[in-house]
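The sequence shown begins at 1 in the UniProt record's numbering and counts up one residue at a time.
A short worksheet on the structure shown next.
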Amino acid sequence: MAAAELSIIKPINPTTKFGRPTSKFNTLRPHSPSHFRVFATSQPTTTTTSSSATKPRPKKSVKTAIKETLLTPRFYTTDFDEMERLFNTEINKNLNQSEFEALLNEFKTDYNQTHFVRNPEFKEAADKIEGPLRQIFVEFLERSCTAEFSGFLLYKELGRRLKKTNPVVAEIFSLMSRDEARHAGFLNKGLSDFNLALDLGFLTKARKYTFFKPKFIFYATYLSEKIGYWRYITIYRHLKANPQFQVYPIFKYFENWCQDENRHGDFFSALMKAQPQFLNDWKAKLWARFFCLSVYVTMYLNDCQRTAFYEGIGLSTKEFDMHVIIETNRTTARIFPAVLDVRPEFKRKLDRMVEINRS
Numbered sequence: 001m002a003a004a005e006l007s008i009i010k011p012i013n014p015t016t017k018f019g020r021p022t023s024k025f026n027t028l029r030p031h032s033p034s035h036f037r038v039f040a041t042s043q044p045t046t047t048t049t050s051s052s053a054t055k056p057r058p059k060k061s062v063k064t065a066i067k068e069t070l071l072t073p074r075f076y077t078t079d080f081d082e083m084e085r086l087f088n089t090e091i092n093k094n095l096n097q098s099e100f101e102a103l104l105n106e107f108k109t110d111y112n113q114t115h116f117v118r119n120p121e122f123k124e125a126a127d128k129i130e131g132p133l134r135q136i137f138v139e140f141l142e143r144s145c146t147a148e149f150s151g152f153l154l155y156k157e158l159g160r161r162l163k164k165t166n167p168v169v170a171e172i173f174s175l176m177s178r179d180e181a182r183h184a185g186f187l188n189k190g191l192s193d194f195n196l197a198l199d200l201g202f203l204t205k206a207r208k209y210t211f212f213k214p215k216f217i218f219y220a221t222y223l224s225e226k227i228g229y230w231r232y233i234t235i236y237r238h239l240k241a242n243p244q245f246q247v248y249p250i251f252k253y254f255e256n257w258c259q260d261e262n263r264h265g266d267f268f269s270a271l272m273k274a275q276p277q278f279l280n281d282w283k284a285k286l287w288a289r290f291f292c293l294s295v296y297v298t299m300y301l302n303d304c305q306r307t308a309f310y311e312g313i314g315l316s317t318k319e320f321d322m323h324v325i326i327e328t329n330r331t332t333a334r335i336f337p338a339v340l341d342v343r344p345e346f347k348r349k350l351d352r353m354v355e356i357n358r359s
C-alpha cells in the first residue's frame, strides 16, 4: 500500500468489536537540489554517541511516531463478518474462482523474493545527505514505512479471517501481507541508515484505526495501490534519465517494487468485479468519484507540503503529481463506474486548496 492514501475519516480505537485489524515524464523540468524548505510533521529525535576515545559512532534511536493529522497515513480496519459473507462461494455466485486461482499462482511466484537486498551504497549515500534534505528524507522513509505497514496489518487479518470462507482469496491476502511486510522492513532498514528506526510493534498497539466498510476498503485500497504504482515507476524513470539526482539508492528498487503495487491493484480489481453491486448503480458512481477525489487531493496536499523532497530528486512537485493523477485516473477508469475530469480546471482547484492549506 503506497504512502499516498485516503486519510480523511475519523479513526476509531483498535479495541472495538471489529478487531485490529521510457517515459513521457522525462519532459519534467529537473530542479536544482540546492534550495530546500522543510515541512516536518514528526518530533525531532536525537542520536546517542559513544563516550570512548575512538571516533564516536551514533547509535540507532527509536523514531517517534509521526503526528497524526488529516493527511497522515492511517491504519485501517473493516467489518470482517461482512467480508466473510462477500467471499462465501455458496452465497456469492459472481466469484470467479478460476481468476482468483490464476492470481494466486502469480503471487506464489514471488517475483521480488530476492529483490530487496541492501548493499553498502545505502549507508554511504545517507551519510552524504545533510541539513534540511536529510530531515525530509527521514520523513519520506517514515511515512512510507507506516503506509506499507498499515497494508500489512489489514491484509494479514483478512487472510486470517477468510481462510475458512474462501481459502484462495485468503491466501492471496496473506501473500500480499508478505509483500507489504517486506516493503515496510526495507524502508525501516533505510531509516537505520540515518541512525533511526520505527517501533512497528508499538505502532500496531498504539495507533488508532480508521473503520471502512468493505466496499470502501475496495475503492480506497485499489486507488492506493495503483497510485503507488504510478508514483514509483515515474520516479524510477525520471532518475534513470537524470542520474545526477539519484541521491539515495532506494529509488533504484522502484521498478520491480512498483510491480507489487500493480499486482495488488489488479487483485482488488478482481474483487470488485466479483461484487457488481459496488460498481453498477448511481451510488457506486458517486462513491467512486468521491474516493478518486479524496485520494488525489490527499496526495497533492501532502506532496505540496514536502516540495523539498521532490526538488531534491530533481522533480517539479506539481507536475509530478498531475502526471500521477492523470495516469491513475486513466487506469482506474477500466474498473470504476466513474472517475474524475482531471483537465486543467481540476489542477487550478487543487492549487487553490494548497493555498488554503498553507494559510
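Where is the CB? At the ideal position from N, CA and C, for every residue including glycine.
For residue i, count the other beta carbons within 10 Å of its own beta carbon; 16 or more makes it buried, fewer makes it exposed. Which is it?
{"i": "Asp321", "result": "buried"}
{"i": "Thr109", "result": "exposed"}
{"i": "Trp287", "result": "buried"}
{"i": "Met299", "result": "buried"}
{"i": "Val117", "result": "exposed"}
{"i": "Ser359", "result": "exposed"}
{"i": "Asp179", "result": "buried"}
{"i": "Phe336", "result": "buried"}
{"i": "Met83", "result": "buried"}
{"i": "Gly151", "result": "buried"}
{"i": "Ser98", "result": "exposed"}
{"i": "Arg231", "result": "buried"}
{"i": "Thr89", "result": "exposed"}
{"i": "Gly314", "result": "buried"}
{"i": "Val339", "result": "buried"}
{"i": "Gly131", "result": "exposed"}
{"i": "Asn96", "result": "exposed"}
{"i": "Tyr111", "result": "exposed"}
{"i": "Pro214", "result": "buried"}
{"i": "Gly228", "result": "buried"}
{"i": "Asn92", "result": "exposed"}
{"i": "Glu142", "result": "buried"}
{"i": "Phe254", "result": "buried"}
{"i": "Leu198", "result": "buried"}
{"i": "Leu6", "result": "Because the pLDDT of Leu6 is 49, which lies under 50, any placement of that residue in the model is unreliable, and the number read from its coordinates should be weighed accordingly. Answer is buried; the Cβ neighbour count reaches 16."}
Based on the DSSP secondary-structure assignment, which residues constitute the bridge partners of residue i?
{"i": "Phe75", "result": "Tyr209"}
From what residue to what residue does the alpha helix (DSSP H) around residue i run?
{"i": "Ser192", "result": "Pro167 to Ser192"}
{"i": "Ile217", "result": "Pro214 to Ala241"}
{"i": "Ser98", "result": "Gln97 to Thr109"}
{"i": "Asp81", "result": "Phe80 to Leu86"}
{"i": "Ser359", "result": "Element bounds for Ser359: n/a, residue is neither H nor E."}
{"i": "Ala333", "result": "No alpha helix (DSSP H) contains Ala333, which DSSP labels as neither H nor E."}
{"i": "Asp127", "result": "Glu121 to Lys128"}
{"i": "Val297", "result": "Trp282 to Cys304"}
Please classify residue i: does DSSP put it in a helix, a strand, or coil?
{"i": "Ile91", "result": "coil"}
{"i": "Tyr253", "result": "helix"}
{"i": "residue 367", "result": "In the structure displayed, the chain extends from 1 to 359; residue 367 sits before or after that span and is not available."}
{"i": "Pro276", "result": "helix"}
{"i": "Gly312", "result": "helix"}
{"i": "Leu340", "result": "coil"}
{"i": "Met348", "result": "Before going further, note that residue 348 is Arg rather than Met in the sequence given. Here Arg348 sits in helix by DSSP."}
{"i": "His264", "result": "helix"}
{"i": "Gln113", "result": "coil"}
{"i": "Lys318", "result": "helix"}
{"i": "residue 399", "result": "Here the chain comprises residues numbered 1 to 359, so residue 399 is not present and cannot be evaluated."}
{"i": "Arg118", "result": "coil"}
{"i": "Lys156", "result": "helix"}
{"i": "Leu203", "result": "helix"}
{"i": "Leu162", "result": "coil"}
Please indicate yes or no: does the CB of residue i lie closer than 6 Å to some heavy atom of the ligand ADP?
{"i": "Thr77", "result": "The model on display carries no ligand, and the ligand ADP is accordingly not part of it."}
Exercise. Give a yes or no on contact between the segment 155 to 163 and the segment 171 to 187, applying the rule of three or more CB pairs nearer than 8 Å.
Key: Two segments are said to touch when three or more pairs of C-beta atoms, one from each, lie closer than 8 Å; by this definition the segment 155 to 163 touches the segment 171 to 187.
Quiz item: Is there contact between the segment 257 to 272 and the segment 221 to 239, where contact requires at least three CB pairs shorter than 8 Å?
Solution: Three or more beta-carbon pairs separated by less than 8 Å link the segment 257 to 272 to the segment 221 to 239, which places the two stretches in contact.
Exercise. Tell me, please, whether the segment 231 to 247 touches the segment 201 to 211 by the rule of three or more beta-carbon pairs shorter than 8 Å.
Key: Touching, no, given that fewer than three Cβ pairs across the two stretches are closer than 8 Å.
Quiz prompt | Touch test, the segment 275 to 284 against the segment 183 to 193, Cβ-Cβ under 8 Å, three pairs minimum | solution = The answer is no - the segment 183 to 193 does not touch the segment 275 to 284, with fewer than three Cβ pairs under 8 Å.
Exercise. Could you say if the segment 294 to 308 and the segment 244 to 254 meet the contact criterion of at least three C-beta pairs nearer than 8 Å?
Key: No, the segment 294 to 308 does not touch the segment 244 to 254.
Quiz item: Counting Cβ pairs closer than 8 Å, one from the segment 247 to 256 and one from the segment 117 to 137, do we hit at least three?
Solution: Between the segment 247 to 256 and the segment 117 to 137, the count of Cβ pairs shorter than 8 Å is three or higher; the stretches touch.
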